[in-house]
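A.B. asks: Below is a structure I'd like to ask you about.
There are 2 protein chains.
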Amino acid sequence: MKSPTELSEAFRSQGRKLTPQRQAIFDALDGNPSHPSAESVYDMVRVHMPSISLRTVYQTLNDLTEMGEISQVDLGLGSARFDPNNEPHHHLVCSGCATVFDVAVEVDSPLPDLEVPAGLGDGFVVDSTDIIFRGMCARCAAGQQPTDLGPVP
Amino acid sequence: MKSPTELSEAFRSQGRKLTPQRQAIFDALDGNPSHPSAESVYDMVRVHMPSISLRTVYQTLNDLTEMGEISQVDLGLGSARFDPNNEPHHHLVCSGCATVFDVAVEVDSPLPDLEVPAGLGDGFVVDSTDIIFRGMCARCAAGQQPTDLGPVP
DNA sequence: TGCTAATCAGCAACTCTTGTTGACTGGCTC
DNA sequence: GAGCCAGTCAACAAGAGTTGCTGATTAGCA
Ligand SMILES: [Mn+2]
Ligand SMILES: [Mn+2]
Ligand SMILES: [Zn+2]
Ligand SMILES: [Zn+2]
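From first to last, the protein sequence lines stand for chains A and B. When the letters of the first sequence are read in order and numbered with my numbering, they come out as residues 3 to 155. When the letters of the second sequence are read in order and numbered with my numbering, they come out as residues 3 to 155.
Below you can see the structure in the form of structure tokens.
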């Protein structure tokens, strides 16, 4: 994702208005590695802007997704997660606390969009590859400190 | 998934009753590679058993999942898909028609549960790896013949 | 300054899935 | 063969997550 300043420019140059609500959402996402849900973004922004509505948060997150500034990832948790990291990467998902970590793709790895073995899906053209590693994060593997995030559905 | 006959035994031996509804669901899933949703199973079974309820279909699919006979996979389509294929494998998902294909894991591949590169998620213990290849199936890549399945959400 | 997008509150609605209740049926065991 | 009780059914309600809609108000930007 671009910086909040650059995003402001991008919004204006596309004829979208730059509102305080949108700026607050830019700030909440900037450098945020937590893969927040819409509700989480809502909670973050509400601290400094109690009047913002959840509807507006969804709207702006969808705008940013359309613009390609963030991506919306479905990790099999109950809700969509939003990801400002635009580098190609994959995800670790903790089954204990639902925390999500990024996994950088190694350049020499055979993981990304490569041909799949022949089979029933012959002729399938792969556009993208999503890899989800499920397991336990260090905290959850050690002992079960109670966490804010609920357990995985 | 075991054969319908074996499943019938498994149900009885676990104190679960063998009802015609359950048998019809066994039959619908047996050797079925389509990764049906609960609604799809419902539609398949209803052809020969119009009185079955969707509630019962969900119930039995959950029973089979608990027993480890099938797995419930979340492929980012609007609903859960049920998979009687218990061999370790991954999935191709067509963005055009939402068809799902199995991809067998090659034995010499570095794809399955291996250690992930060091990073923020240090100490993460990987239990399972889900890989979803997204793209276009041969049919959809060729021309757009209208398909029964709706487009991907 | 004015046009118009954006926001808000306050809803309703939608999809998928599970819960509930009360009545009934039919597997399974003895 | 009889009886217990799991299973099923209909007919709902409800929950979560997300989107839609309304009408009124605000405020960004030209
Ligand atoms: Mn990420
Ligand atoms: Mn499969
Ligand atoms: Zn954890
Ligand atoms: Zn297709």
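Glycine included, each C-beta is placed from N, C-alpha and C at the ideal position. Keep in mind the model is a prediction, meaning the values are calculated, not measured.
Along chain A, which residues have their Cβ under 8 Å away from the Cβ of D104(B)?
C.D. replies: G121, L122, G123
A.B. asks: Nearest chain B C-beta to D76(A) closer than 9 Å, yes or no?
C.D. replies: yes
A.B. asks: With which residues is T131(B) paired in a DSSP beta bridge?
C.D. replies: For T131(B), the beta-bridge partners assigned by DSSP are F135(A).
A.B. asks: 9 Å is my cut-off, CB to CB: does S1(B) come that close to chain A?
C.D. replies: The displayed coordinates of chain B run from 3 to 155. Any statement about residue 1(B) would go beyond what the structure contains.
A.B. asks: Using only the heavy atoms of ligand 3, determine whether one of them is closer than 8 Å to the beta carbon of C139(A).
C.D. replies: yes
A.B. asks: Would you list, in sequence order, the uninterrupted alpha helix (DSSP H) runs of no fewer than 4 residues that lie entirely inside the region 31–63 of chain A?
C.D. replies: 40–48
A.B. asks: Inspect the beta-carbon positions of T62(A) and R24(A) and report whether they are closer than 9 Å.
C.D. replies: yes
A.B. asks: Please report how far the alpha carbon of N34(A) lies from the alpha carbon of R18(A), in whole angstroms.
C.D. replies: 23 Å
A.B. asks: Mind checking A144(A): buried by the 16 CB within 10 Å criterion, or exposed?
C.D. replies: exposed
A.B. asks: Looking only at its chain, what residues have a beta carbon closer than 6 Å to the beta carbon of I133(A), apart from the 5 residues adjacent to it on each side?
C.D. replies: H92
A.B. asks: Taking buried to mean at least 16 other C-beta atoms within 10 Å of its own C-beta, is H37(A) buried or exposed?
C.D. replies: buried
A.B. asks: List the endpoints of the continuous beta strand (DSSP E) containing L94(A).
C.D. replies: 91–96
A.B. asks: Could you spell out where the beta strand (DSSP E) holding R18(A) opens and where it closes?
C.D. replies: Here R18(A) belongs to no beta strand (DSSP E), and DSSP marks it neither H nor E.
A.B. asks: Exposed or buried, what is D110(A) when buried is set at 16 or more other beta-carbons lying within 10 Å of its beta-carbon?
C.D. replies: Summary for D110(A): the model assigns pLDDT 48, below 50, so the residue's position carries little reliability; its value from the coordinates is reported in the next sentence. That one is exposed.
A.B. asks: In the DSSP assignment, what residue or residues form a beta bridge with S73(B)?
C.D. replies: D85(B)
A.B. asks: Are the C-beta of S97(B) and some C-beta of chain A separated by less than 9 Å?
C.D. replies: So yes, S97(B) belongs to the interface.
A.B. asks: Check whether the Cβ atoms of A106(A) and G80(B) sit closer than 9 Å, and answer yes or no.
C.D. replies: no
A.B. asks: Using a Cβ-Cβ distance under 9 Å, would R14(B) count as near chain A?
C.D. replies: no
A.B. asks: Look up D150(B) in the DSSP assignment and say whether it is helix, strand or coil.
C.D. replies: The predicted model places D150(B) with a pLDDT of 48, which falls under 50 and marks its position as unreliable, so this point remains unresolved.
A.B. asks: Considering only residues of the same chain and omitting the five flanking positions on each side of P112(B), which have a CB-CB separation below 7 Å?
C.D. replies: Note that P112(B) scores a pLDDT of 49, beneath 50, so its modelled location is shaky and nothing firm can be said.
A.B. asks: Which residues neighbour ligand 1 when neighbourhood means a C-beta less than 7 Å away from any of its non-hydrogen atoms? List them by chain order.
C.D. replies: H37(A), V75(A), D85(A), N87(A), H91(A), H93(A), V102(A), D104(A)
A.B. asks: Check whether the Cβ atoms of V49(B) and I27(B) lie closer than 9 Å to each other.
C.D. replies: no
A.B. asks: Would you mind telling me which residues of chain B sit closer than 9 Å to P156(A), beta carbon to beta carbon, in chain order?
C.D. replies: A query on residue 156(A) cannot be resolved here, the shown segment of chain A reaching from 3 to 155 and no further.
A.B. asks: With hydrogens ignored, establish whether the beta-carbon of G98(A) is closer than 8 Å to any heavy atom of ligand 3.
C.D. replies: yes
A.B. asks: Can you find a CB in chain B that lies within less than 9 Å of the CB of M169(A)?
C.D. replies: The structure shown has nothing for residue 169(A), since chain A only spans 3 to 155.
A.B. asks: Compute the beta-carbon to beta-carbon distance between P86(B) and L31(B), rounded to the nearest angstrom, for a pair I have assumed lies under 8 Å.
C.D. replies: 5 Å
A.B. asks: Regarding C142(B) and ligand 4, is the C-beta to nearest heavy atom distance less than 8 Å?
C.D. replies: yes
A.B. asks: Can you tell me where the beta strand (DSSP E) with A106(B) in it begins and where it stops?
C.D. replies: 102–106
A.B. asks: For S39(B) and L56(B), I'd like the C-alpha separation in whole angstroms.
C.D. replies: Taking the straight line joining both Cα atoms gives about 11 Å.
A.B. asks: Apart from the five residues on each side of it in sequence, which residues of its chain come closer than 6 Å, Cβ to Cβ, to G98(A)?
C.D. replies: M138, C142
A.B. asks: In terms of alpha-carbon separation, which member of Y44(A), F103(A), D65(A) lies closest to L20(A)?
C.D. replies: D65(A)
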